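**Student:**
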Amino acid sequence: MFSTNTSLKEVHLEKLFLTDHDIEILVYGLMYNNTLEVLNLSCNQIGDYGIECLSEYLGKGPPLKKLMIHHNHIGNTGARMPRNKATEETDKLTRIAIVNSDKCKPKRCRQECKKSCPVVRMGKLCIEVTPNDKIAVISEELCIGCGICVKKCPFEAITIINLPSNLEKDTTHRYSQNSFKLHRLPIPRPGEVLGLVGTNGIGKSTALKILAGKQKPNLGRYVSPPDWSEILNHFRGSELQNYFTKILEDDLKALIKPQYVDQIPRAVKGTVQQLLDKKDERDNQSEICDLLDLQQIRDRSIEDLSGGELQRFACAMVCIQAGDIFMFDEPSSYLDVKQRLKAAITIRSLIQPDKFIIVVEHDLSVLDYLSDFICCLYGVPGAYGVVTMPFSVREGINIFLDGFVPTENLRFRDESLVFKVAESATEEEVKRMNHYEYPSMTKTMGQFKLTVNQGQFTDSEILVLLGENGTGKTTFIRMLAGNLPADEGSDELPHLNISYKPQKISPKSTGIVRQLLHEKIRDAYVHPQFITDVMKPLKIDDIMDQEVQNLSGGELQRVAMALCLGKPADVYLIDEPSAYLDSEQRLVAAKVIKRFILHAKKTGFVVEHDFIMATYLADRVIVFEGIPSIDTTANTPQSLLAGMNRFLELLGITFRRDPNNFRPRINKNNSVKDVEQKRAGQYFFLED
C-alpha cells in the first residue's frame with residue numbers, strides 16, 4: 001500500500017475511515033524514511049490504537065516540519081459533531097482544551113500529558129507544565145485533538161472538545177486560558193419574561209452577570225479584553241446592541257435575586273420589616289408581602305428564617321425596588337407547589353412595556369407557567385455553553401427535553417427525555433410479595449398537631465407525599481423511620497429496616513467521596529447492578545476523589561442519594577431528592593429512584609415539590625391537608641389520579657399534558673381549559 005522509498009518528502013493520505021491496520025502499515029512504511037517532512041492525513045475517523053501507533057512513530061521517527069490531521073472524530077474521546085453539508089464552515093472544527101484547576105496536580109504526577117503528546121514530540125510547545133506549575137497549560141492552536149493527554153492524565157483533569165468553527169466568532173466570554181467559554185447571549189425583550197433553561201455549569205449565571213452589566217464580556221480575549229466600542233460593534237444589528245448601549249448610559253438599573261439564598265443571613269442583619277423598609281422604592285411592599293405570605297414573619301430576624309422564607313424574602317426584595325431589569329436565579333428552590341405558583345404570579349406582576357425580566361429556573365412546569373419565551377443553553381458543563389435563539393415556551397422546553405435544536409440541526413443529548421406515567425409498573429407486571437400496614441397515629445410538637453390516617457403499602461411501589469411546607473411530611477417520614485416517637489399508635493408500626501435521606505444534608509465526613517462510600521455502603525458501591533442502576537446515571541465517578549466538604553449542593557445531593565439507595569433496607573424514605581439539582585439531573589434522579597425500587601422490590605416514600613418529578617415517580621400519593629404549622633392530616637394513600645386531583649383541588653390549579661412528551665403543564669388561571677377542567681372536576685389529566 002505504501003512504498004518504503006527512503007527519499008519520500010511528503011505523504012498525503014485521504015480516506016473515509018483509517019483503520020488500525022492502515023495506520024500500522026503507514027507507520028511501518030514511514031519508519032525507514034529519513035527525509036519525510038510533511039505528513040497529511042484526511043479522514044472521518046481514527047481509532048485509539050491508530051493514535052497510539054502514530055504517537056509512537058512521532059516519538060521515535062525523524063522530526064517533521066508539518067503534521068496535519070483533518071478529522072471529524074478521532075479516538076473514542078473526541079466529540080462527535082454532526083456534519084452539515086449546507087455550510088463548509090461547520091465542517092472546520094475548532095478545539096477547546098479545558099484543564100480542571102481542582103483536579104490538575106503537576107507536583108503529584110510525571111507530566112504524562114506532556115510526555116505523551118504527539119505535537120510536543122515534534123518539538124512544539126503544545127503542553128507546557130513543570131512540577132512547580134500550579135496547572136498545565138494547553139495551546140488550543142497547536143492541539144490536534146488526538147485525545148491522548150485526556151487518557152494519560154492520572155487525575156482526569158483534561159477535556160478536549162471539538163467545536164464547529166462558526167461558533168468561534170460568536171464567543172461572548174472566556175474567563176482565562178483552558179477555562180469555561182460562553183458562546184452568544186440570551187436576548188431579553190421589554191415587556192416579556194425570558195426563561196433560561198440548561199444544566200448546571202453551562203453559563204446561565206455568567207449570562208445573567210453580563211446582561212446585568214456586572215461583568216464585561218471579553219469576546220474570548222482574556223489577555224487583552226476589548227473596549228466597549230468594540231463590544232458594541234460585535235453585537236451590531238442585534239437587539240443586544242441597543243440593550244448594552246442603554247446599560248452603558250446608565251439608563252438601565254439591574255436587580256438580581258441571587259441563586260444561593262441561604263447565604264443572605266451572612267451578608268445582611270436585621271428584621272424582615274427593617275430590610276424591606278430600606279429598599280421600598282415602589283410603595284408596593286404590603287401587596288408583595290401578601291402575595292408571598294410574608295406578613296406573619298415581618299418581625300422575625302433574618303438569621304431565624306427557613307430556606308423557603310429566605311427565598312420569598314429575596315424575591316420580595318427585588319420586587320419592591322425600582323429597576324429596569326429584574327433577574328431571578330432559581331426563584332422556586334425551597335418552596336412548595338403553592339408558593340412556587342405565588343412566586344410566579346408575583347414575578348409576572350412586574351411586567352411593564354419598558355421592563356426586562358429574566359428567570360433561570362429548573363422546575364420546568366413553573367418555568368412554563370412563568371415565561372413568555374425561552375432560550376436553551378447546551379454544551380459541556382464546566383467547558384463551554386452555547387445559547388440558542390429565543391423560542392416559544394412550549395417549543396423551547398420541548399427542544400431542551402428532546403436534546404435536539406432544529407434551527408441549528410444539532411443534537412446535544414443522545415436520548416430525549418419523555419415522561420409517560422405508563423412507565424410506572426402496573427399490577428400485572430410486578431408481582432407484589434409483601435403488604436405492610438401502618439396504624440393511625442398522632443404527633444404533637446408545640447402548637448403543631450399531625451394526624452396520620454391508617455394506610456398500607458407494598459413492595460415495588462413508590463408513594464409520593466404531597467402537601468405544602470409545614471404540613472408534616474418530614475415529621476411523618478421521621479415517624480415511619482423511628483427517629484420520632486408518635487404520641488399514640490407507634491407500637492403497631494411494622495418493624496422494617498429503613499434507609500433515610502434527610503431534607504437538609506450537612507456533610508460531617510472529612511475525607512473524599514470514595515472513603516465515605518467505602519465506609520457506609522462498602523458492598524453496594526462495587527456491585528455491578530448498583531453501578532449500572534445508580535452510580536453511573538448519577539455520575540458519582542466524576543466526584544469520587546473530591547473532598548466531601550468541598551462538594552456543591554447538587555453533588556452532595558447525588559452522593560446522599562447513592563448512600564441512601566446503597567444501604568440494604570425494606571423501605572427507602574427520600575426527602576426532596578430534587579433540591580439543588582438541575583432540570584436534567586432531576587429527571588435522571590427520578591429514573592434512578594424508580595428503576596432501583598422496581599429492581600430491588602422495595603418500597604419508596606418520597607417528598608417532592610417538583611411537579612414533573614412527583615408525577616413521574618408516583619405509583620400512589622399521600623395528600624397532606626389542613627392549616628400548615630397548626631393542625632394537619634395525612635390521608636390514606638390514594639391512586640395517582642385521585643390523589644393528584646385532591647391535591648390540585650386544594651391548590652385551585654389545573655394541569656394538562658403536553659401531547660409530544662406527556663409532561664404536565666399548568667393551565668393559566670381562568671383560561672378556557674382551566675375553567676372547563678374545574679367545572680368537570682378533572683384537575684389533573686392522566687391521559688389526553
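Take the sequence shown: its letters are residues 1 to 688, numbered as in full-length UniProt numbering.
Cβ coordinates follow ideal geometry from the N, Cα and C atoms, glycine included.
Keep in mind that this is a model prediction, so the values were computed, not measured.
(1) Checking the sheet assignment: what are the DSSP bridge partners for Pro664?
(2) Helix, strand or coil, according to DSSP, for Ile256 in the structure here?
(3) Can you tell me whether DSSP reads Lys246 as helix, strand or coil?
(4) Between the C-alpha atoms of Lys673 and Gly396, what's the straight-line distance to the nearest angstrom?
(5) Any contact of the stretch 585-605 with the stretch 334-349, i.e. 3+ C-beta pairs under 8 angstroms?
(6) Grab me the residues of Ala383's own chain with a C-beta within less than 8 angstroms of its C-beta, minus the 5 sequence neighbours each way, in chain order.
(7) Which ranges does the beta strand (DSSP E) cover as unbroken runs of at least 3 residues, wholly within the stretch 541-629, from first to last along the chain?
(8) Where do the ends of the beta strand (DSSP E) carrying Thr171 lie?
(9) What residue range does the alpha helix (DSSP H) around Cys104 cover?
(10) When we look at the beta-carbon of Lys204 and count the other beta-carbons within 10 Å, is it buried (16 or more) or exposed?
(11) Which of the three DSSP states, helix, strand or coil, is assigned to His12?
(12) Extract the residue ranges of the beta strand (DSSP E) inside the stretch 254-317, only unbroken runs of 3 or more that lie entirely within it.
(13) Can you tell me whether Met479 is buried or exposed, with buried defined as 16 or more other CB within 10 angstroms of its CB?
(14) If I'm right that Lys107 touches Ala157 with Cβ under 8 angstroms, what's the distance once you round it to whole angstroms?
(15) Could you spell out where the beta strand (DSSP E) holding Ile351 opens and where it closes?
(16) Which two residues bound the contiguous beta strand (DSSP E) that contains Thr442?
(17) What does the Cβ neighbour count give for Tyr260, buried or exposed, with the cut at 16 atoms within 10 Å?
(18) How is the alpha helix (DSSP H) around Gly396 delimited, first residue to last?
(19) Buried or exposed: which applies to Arg620, given that a residue is buried once 16 or more other Cβ atoms fall within 10 Å of its Cβ?
(20) Round the Cβ separation of Ala560 and Lys473 to the nearest angstrom and send it over; I've been treating them as touching at under 8 angstroms.
(21) Cutting at 7 angstroms between CB atoms, please list the residues of its own chain near Ala79, excluding the five before and the five after it.
(22) Excluding the 5 residues preceding and the 5 following Lys567 in the sequence, name in chain order all residues of the same chain whose CB lies nearer than 8 angstroms to its CB.
(23) For Gly195, I'd like the list of residues in its chain whose CB is within less than 6 angstroms of its CB, leaving aside the five on either flank, ordered along the chain.
(24) Restricting to Cα atoms, I'd like to know which of Ile462, Cys315 and Ala579 is closest to Thr603.
(25) Where does the unbroken beta strand (DSSP E) through Ile498 begin, and where does it stop?
(26) Report the three-state DSSP secondary structure of Cys53 (helix, strand or coil).
(27) How is the alpha helix (DSSP H) around Lys204 delimited, first residue to last?
(28) Can the beta-carbon of Ile512 be found less than 8 angstroms from the beta-carbon of Asp545?
(29) Taking the beta strand (DSSP E) that Met327 falls in, what are its first and last residues?
(30) So, for Pro637: in the same chain, excluding its five sequence neighbours on each side, which residues have a beta-carbon less than 6 angstroms away from its beta-carbon?
(31) Going by the DSSP bridge assignment, what does Gly194 pair with across the sheet?
(32) Taking the straight line between their C-alpha atoms, what separation do you get for Glu193 and Pro353?
(33) In chain order, what residues of the same chain have a beta carbon less than 6 angstroms from the beta carbon of Val129, not counting five sequence neighbours either side?
(34) According to DSSP, Ala97 sits in a beta bridge with which residue or residues?
(35) Is it a yes or a no for the stretch 265-277 touching the stretch 228-237, going by three-plus beta-carbon pairs under 8 angstroms?
(36) From which residue to which residue does the alpha helix (DSSP H) around residue 698 run?
**Tutor:** If we stick to the structure as given:
(1) Looking at the DSSP assignment, Pro664 forms a beta bridge with Arg657.
(2) The three-state reading of DSSP puts Ile256 in strand, counting E and B together.
(3) It is helical.
(4) Cα-Cα distance, rounded: 22 angstroms.
(5) Judged by Cβ distances under 8 angstroms, the stretch 585-605 makes no contact with the stretch 334-349, as fewer than three pairs qualify.
(6) Cβ within range, chain order: Ile96, Ile98, Thr159, Ile161, Phe180 and Lys181.
(7) DSSP runs (the beta strand (DSSP E)) wholly in the stretch 541-629: 571-575, 603-607 and 620-627.
(8) Element bounds for Thr171: Thr171 to Arg174.
(9) That residue, Cys104, is in no alpha helix (DSSP H); it is neither H nor E in DSSP.
(10) In summary, Lys204 is buried, with 16 or more beta-carbon neighbours lying within 10 Å of its beta-carbon over all protein chains present.
(11) Of the three classes helix, strand and coil, the one that applies to His12 here is strand, per DSSP.
(12) You should have 254-257.
(13) Classification of Met479: buried, given that the 10 Å Cβ count is 16 or more.
(14) Taking a contact as a CB-CB distance under 8 angstroms, the pair Lys107 and Ala157 does not count as one, their CB atoms being some 13 angstroms apart.
(15) Per DSSP, Ile351 belongs to no beta strand (DSSP E) and is neither H nor E.
(16) Thr442 -> beta strand (DSSP E) spans Met441 to Met445.
(17) By the neighbour-count criterion, in which a residue is buried when 16 or more other Cβ atoms sit within 10 angstroms of its Cβ, Tyr260 is exposed.
(18) Going by DSSP, Gly396 is part of the alpha helix (DSSP H) stretching over Val393 to Asp402.
(19) Result: buried.
(20) Cβ-Cβ separation between Ala560 and Lys473: approximately 18 angstroms, too far for a contact (criterion under 8 angstroms).
(21) Residue placement at Ala79 is poorly supported in this model, since its pLDDT is 38, which falls under 50; the coordinates still yield a value, given next. Contacts found: Ile161 and Asn162.
(22) For Lys567, where only same-chain residues beyond five positions count, the Cβ hits under 8 angstroms are Ser499, Lys520, Ile521 and Ala524.
(23) Cβ neighbours of Gly195 beyond the five flanking positions: Val359, Leu367, Ser371 and Ile374.
(24) Considering only alpha carbons, the answer is Ile462.
(25) For Ile498, the enclosing beta strand (DSSP E) has its first and last residue at Ile498 to Lys501.
(26) Note: Cys53 maps to helix in three-state DSSP.
(27) For Lys204, the enclosing alpha helix (DSSP H) begins and ends at Lys204 to Leu211.
(28) Result yes, Cβ atoms of Ile512 and Asp545 sit closer than 8 angstroms.
(29) Unbroken beta strand (DSSP E) run through Met327: Ile325 to Asp329.
(30) Answer for Pro637: Gly455, Leu463, Arg620 and Ile622, listed in chain order.
(31) Note that residue 194 is Leu in the sequence shown here, rather than Gly. As a beta-bridge residue in DSSP terms, Leu194 pairs with Ile358 and Phe373.
(32) Before going further, note that residue 193 is Val rather than Glu in the sequence given. Taking the straight line joining both Cα atoms gives about 11 angstroms.
(33) Excluding positions up to five away in sequence, the list reads Pro106, Gln111, Lys114 and Ala136.
(34) Per DSSP, Ile160.
(35) Inter-segment contact for the stretch 265-277 and the stretch 228-237 is absent: fewer than three beta-carbon pairs are separated by less than 8 angstroms.
(36) Because residue 698 is not part of the residues shown, which for the chain are 1 to 688, the question remains open.
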